[in-house]
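One structure is given here, and the rest of the page talks about it.
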Amino acid sequence: MSGVDLHLHSNASDGRLSPSDLVKKAAGVGLHVIALADHDTVNGVQEALDTARQFESLQVIPCVEISTDIEGGEVHILGYFIDYKNPDLKTKLAEFRDSREGRAEKMVSKLAGLGLKLEWERVKQIAGDGSIGRPHIAQALLEKGYIPSLREAFSWYIGQDGPAFVERQKMTPVEAVTMVLKASGLPVMAHPFTVNDPEAVVAELAPAGLVGIEAYYTNSSAEQINKLLRLANKHKLIVTGGSDYHGLDDGTDTPLGTIDVPMSAAENLIALARERKLVCDR
Ligand code: AMP
Ligand code: ZN
Ligand code: FE
Ligand code: FE
365 MSGVDLHLHS NASDGRLSPS DLVKKAAGVG LHVIALADHD TVNGVQEALD
415 TARQFESLQV IPCVEISTDI EGGEVHILGY FIDYKNPDLK TKLAEFRDSR
465 EGRAEKMVSK LAGLGLKLEW ERVKQIAGDG SIGRPHIAQA LLEKGYIPSL
515 REAFSWYIGQ DGPAFVERQK MTPVEAVTMV LKASGLPVMA HPFTVNDPEA
565 VVAELAPAGL VGIEAYYTNS SAEQINKLLR LANKHKLIVT GGSDYHGLDD
615 GTDTPLGTID VPMSAAENLI ALARERKLVC DR
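Residue numbers (the working numbering): 365 to 646.
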């Protein structure tokens with residue numbers, strides 16, 4: 365294990381662990397650099413940074429993961445070293461989270477139409493203070509015994525082509541890149557192979573200020589990684605990587621620290637943050 369995992373979720377969005385427990389777990393498995401990248405929220409960052417002070421050998425990078433849409437797919441933009449106290453950023457993210465709530469409620473209605481009755485209050489309870497998302501609905505479906513494991517929530521009902529799927533508020537990848545840059549963050553394209561043509565997306569985002577792509581990711585093949593390394597090289601981008609750990613069941617999730625992300629990925633990101641005089645050491 366290289367000691368680097370730059371893509372983790374906490375219960376500030378749809379992860380299971382609190383930011384503090386996540387940081388403790390990361391330290392426990394011997395990680396040295398991690399990033400907390402919750403969906404559409406930076407609310408867990410302060411707690412993660414505070415906890416990290418207990419562990420001399422662990423650095424936590426503030427991050428956020430913003431979901432955006434293109435024709436036929438989703439592009440997720442990570443924002444490393446984001447100024448998590450930036451008021452404009454916080455307002456914008458709060459708007460997204462509000463729209464997530466209405467959207468989740470619609471999915472619950474659609475599920476009811478399919479005969480799968482969930483209590484909306486229970487779904488909200490599962491999400492707690494976190495940015496509400498499909499994994500919370502999946503958890504509610506599991507509790508009711510409608511599905512054998514979390515995975516089937518997506519393959520049967522709320523995956524992108526599923527009968528109970530509802531889209532989020534629309535945003536373009538370029539808008540997300542711009543939003544990250546405005547909040548003093550480093551925009552990186554997450555898991556590029558979730559779209560059909562990552563090259564076209566990167567070609568559009570690089571001129572808009574994208575600084576990196578996530579080349580080392582759950583289930584990436586050597587061939588995919590090599591393709592992304594070449595793409596990064598072509599556009600002079602940093603490569604990053606992470607597990608996208610959510611703290612869910614093992615069948616659905618990749619354990620944190622289990623993706624081989626080279627230390628140079630973290631070093632390059634940190635060096636660029638220093639070069640741009642972003643606030644690095646908090
Ligand atoms: P949302 O942001 O509400 O659209 O939900 C997206 C999240 O759902 C992702 O970050 C994953 O945590 C989870 N997810 C999406 N698709 C799947 C899938 N096929 N299997 C398991 N989890 C998934
Ligand atoms: Zn998630
Ligand atoms: Fe993602
Ligand atoms: Fe993620």
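From the three backbone atoms N, C-alpha and C, an ideal C-beta is built for every residue, glycine too.
None of these values were measured; they are calculated from a predicted model.
Candidates the options: which alpha carbon is nearest residue i's?
i, options, result
"Ala504", "Asp493, Ser607, Ser495 and Glu485", "Glu485"
"Ser431", "Thr582, Gly408, Gly497 and Asn560", "Gly497"
"Gly597", "His403, Val472, Gly576 and Tyr581", "Here residue 597 turns out to be Asn, not Gly, going by the sequence shown. Checking every option, the nearest Cα to that of Asn597 belongs to Gly576."
"Tyr521", "Glu507, Leu475 and Arg380", "Leu475"
"Pro626", "Ala567, Leu514 and Val397", "Val397"
"Gly408", "Asp385, Gly394, His599 and Val393", "Asp385"
"Lys534", "His440, Val387 and Ala416", "His440"
So, under 8 Å CB-CB, residue i and residue j are touching, yes? Tell me the CB distance rounded to an integer number of Å.
i, j, result
"Ile446", "Gly549", "3 Å"
"Asp378", "Gly494", "6 Å"
"Gly606", "Ala390", "The pair is not a contact, with the Cβ atoms about 11 Å apart (cut-off 8 Å)."
"Val559", "Gly443", "Not a contact, Cβ separation roughly 18 Å."
"Leu400", "Leu372", "6 Å"
"Leu514", "Thr616", "4 Å"
"Met365", "Gly392", "Going by Cβ atoms, the distance from Met365 to Gly392 rounds to 13 Å, so no, they are not a contact pair."
"His403", "Glu429", "5 Å"
"Leu413", "Val424", "5 Å"
"Ile602", "Leu636", "7 Å"
How would you label residue i, buried or exposed, when you count the other beta carbons within 10 angstroms and need 16 or more for buried?
i, result
"Gly477", "exposed"
"Asn375", "buried"
"Gly479", "exposed"
"Asn583", "exposed"
"Arg532", "buried"
"Ala586", "exposed"
"Glu435", "exposed"
"Glu420", "exposed"
"Gly509", "exposed"
Quick one: does the C-beta of residue i sit closer than 7 Å to a heavy atom of ligand 5?
i, result
"Glu429", "Looking at this structure, you won't find ligand 5 anywhere; what it does contain is ligand 1, ligand 2, ligand 3 and ligand 4."
Could you tell me which uninterrupted beta strand (DSSP E) segments, each at least 3 residues in length, are contained entirely in the stretch 435-459, listed from first to last along the chain?
437-444
Within the stretch 486-571, ranges of the beta strand (DSSP E) (whole runs, at least 3 residues):
550-553
Starting from the N-terminal end, write out each residue whose C-beta falls within a distance shorter than 5 Å of any non-hydrogen atom of ligand 3.
His440 and Ala554
Which parts of the stretch 587-632 are runs of the beta strand (DSSP E), unbroken and 3 residues or longer, counting only runs that do not cross its ends?
602-606
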